[in-house]
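In this text, residue positions in the sequence shown follow the UniProt record's numbering: the first is 1, and each later residue adds one.
Beta carbons: idealized from backbone N, C-alpha and C, even for Gly.
Since the structure comes first, as structure tokens, the remarks are kept for the end.
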Amino acid sequence: MALKKRNKVNAAFSMSSMTDIVFLLLIFFMVTSTLIAPNALKLLLPQSSNQTSAKPITTISITKDIKYYINDDNKLNRVAFNEIEPFLRNKFGTGNDDIFISLHADQSVPVNEVVKIMNIARRNKYKMILATAPE
1 MALKKRNKVN AAFSMSSMTD IVFLLLIFFM VTSTLIAPNA LKLLLPQSSN QTSAKPITTI
61 SITKDIKYYI NDDNKLNRVA FNEIEPFLRN KFGTGNDDIF ISLHADQSVP VNEVVKIMNI
121 ARRNKYKMIL ATAPE
């Protein structure tokens with residue numbers, strides 16, 4: 001009498017659901033990685049309770065070791081002090097009262113460095129916003 005086993009165990013493993021999961025994880029990490037700003041500077045901003053609603057068109061940052069950075073189209077560029085005014089004039093022109101520039105200066109930066117940037121804004125009729133941390 002020849003008995004045959006009706007239920008055979010299949011040793012194959014279907015990878016289609018695993019590839020779907022890996023593909024979804026890849027999409028998730030690609031989307032979330034674009035939200036991170038890797039060009040951020042670590043600055044200790046002075047504290048203030050006042051806030052402004054103006055939207056700055058660009059930012060100028062001064063680090064504690066007096067290095068200047070300009071945010072140009074979401075790209076942080078290190079510049080020398082004497083390159084700041086020509087860069088702003090080429091990018092935004094002069095005499096336009098609707099241009100707001102945000103100044104991010106570390107709290108240990110001497111006031112005369114901040115005033116030099118504010119003088120550039122005054123000469124070109126830009127409006128300067130001093131960035132602060134909330135109290």
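Cβ distance (whole Å) where residue i is taken to contact residue j below 8 angstroms
i	j	result
I57	I99	6 angstroms
Q47	P110	Contact flag wrong, Cβ pair sits at about 18 angstroms.
Cα-Cα separation, residue i to residue j
i	j	result
Q51	I129	10 angstroms
I27	K42	29 angstroms
N74	N10	55 angstroms
N77	I84	11 angstroms
L44	K67	14 angstroms
D20	K55	42 angstroms
N124	M30	41 angstroms
E113	A105	9 angstroms
F87	V22	45 angstroms
L103	F81	14 angstroms
I101	T32	28 angstroms
Residue i - partner residues in DSSP beta bridges
i	result
S61	Y69, H104
A127	Position check: residue 127 holds Lys in this sequence, whereas Ala was assumed. Its beta-bridge partners are F100.
L76	N71
Q47	A133
Any non-hydrogen atom of the ligand GTP closer than 6 angstroms to residue i Cβ
i	result
H104	The model depicted lacks the ligand GTP and carries no ligand whatsoever.
| query | Three or more beta-carbon pairs under 8 angstroms between the region 113-129 and the region 59-78, yes or no? | reply | yes
| message | So, does the region 10-19 touch the region 89-97, judging by three or more C-beta pairs under 8 angstroms? | response | no
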